[in-house]
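A.B. asks: Residue numbers (the numbering used here): 1 to 189.
All C-beta atoms, glycine included, are put in the ideal place defined by N, C-alpha and C.
Just dropping this structure here.
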C-alpha cells in the first residue's frame, strides 16, 4: 500500500536486493507500473536477477553502471554494447585520470580488474584490486569508444578454477535451468 501511494517513477538498488524484492512482492506488480527507470549497480547482474526485476517492474528502462564507492566509475554503459553483449558490458572509464587494466589474465583473456584513480593526488588509488573478473576487447564501437570491458563476476565466486577447469556463473545457471522443476533454489561454492 505504501508503495502504491508513493507512485515511484524510478528505483535504485543492488541486483541482489532488487531481485529479492521482486521475488517476495511479485504478487503486487500492478502497484509498480509507475516505475519507468531502474538504476542498478554495485554487483554483477545475472540473467535470473534480470528476469525477476523485469517481471515485477514490467519492462522499465534498466541502467547498469560499474563503479566502486572507494574508486569511482570503472565502466560506462553503452546502448550499443547492451544490444551486442547484454548487460555487464562497459567501456572503461577513461574520461578522468583513470587507468583500468587486467591482472593474472588466463588463456581466455579473463583477469582481475585493476583500477588506478589519479583524479585527486592526495587520495589516489594505485593499482586497486577490485576482486572482479573481466575481459578487455579492443574494438571500435558505434559510439566512438575503442575498448570494451566485459564483467564476468567476482573472483572466487562467479569465476572459479576447479580441477583445472573454469566454472563460471552463467554456465552454472544454464545447467541448473534444466533442473528448475526439481531445484527451487541453489548456491554454488
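#1: I need the straight-line Cα distance from residue 76 to residue 98, nearest angstrom please.
#2: If residue 41 sits next to residue 65, beta carbons under 8 Å apart, how far is it from one beta carbon to the other, in whole angstroms?
#3: Please determine if the stretch 110-119 and the stretch 43-60 are in contact, where contact requires at least 3 C-beta pairs separated by less than 8 Å.
#4: Give a yes or no on whether the C-beta atoms belonging to residue 88 and residue 38 are separated by under 9 Å.
#5: Taking its Cβ as the centre, do 16 or more other Cβ atoms sit within 10 Å of residue 103, making it buried, or is it exposed?
#6: So if DSSP puts residue 49 in a beta bridge, which residue, or which two residues, is it bridged to?
#7: What would DSSP say about residue 87, mapped onto helix, strand or coil?
#8: Hey, quick one: how far does the alpha helix (DSSP H) through residue 16 stretch, first residue to last?
#9: Return the first residue and the last residue of the alpha helix (DSSP H) that residue 175 is part of.
#10: By alpha-carbon positions, which one of 134, 132, 71 and 111 ends up nearest to residue 121?
#11: Classify residue 123 as helix, strand or coil using the three-state DSSP reduction.
C.D. replies: In short, the structure shows the following:
#1: As a first step, residue 76 must be located in the chain shown, where it is residue number 76. As a first step, residue 98 must be located in the chain shown, where it is residue number 98. When only Cα atoms are considered, residue 76 and residue 98 end up about 12 Å apart.
#2: In the chain shown, residue 41 corresponds to position 41, counting from 1. In the chain shown, residue 65 corresponds to position 65, counting from 1. That pair is a contact at about 5 Å.
#3: Touching, no, given that fewer than three Cβ pairs across the two stretches are closer than 8 Å.
#4: Residue mapping note: residue 88 aligns to position 88 of the chain shown, counting from 1. Residue mapping note: residue 38 aligns to position 38 of the chain shown, counting from 1. For residue 88 and residue 38, no; Cβs fall outside 9 Å.
#5: Taking the chain shown and counting its residues from 1, the one referred to as residue 103 is at position 103. Exposed.
#6: On the chain shown, residue 49 is found 49 positions in, with the first residue counted as 1. Answer by DSSP bridge pairing: none, since residue 49 is not bridged.
#7: Taking the chain shown and counting its residues from 1, the one referred to as residue 87 is at position 87. The answer is coil: DSSP assigns residue 87 none of H, G, I, E or B.
#8: The residue given as residue 16 occupies position 16 in the chain shown. Looking at the DSSP string, the run of the alpha helix (DSSP H) that includes residue 16 is 15-24.
#9: The residue given as residue 175 occupies position 175 in the chain shown. Here the alpha helix (DSSP H) through residue 175 covers 169-177.
#10: Counting from one through the chain shown, the residue named residue 121 turns up at place 121. That would be 71, whose Cα lies nearest to the Cα of residue 121.
#11: The sequence position of residue 123 within the chain shown is 123, counting from 1. In this structure, residue 123 counts as helix in the three-state DSSP scheme.
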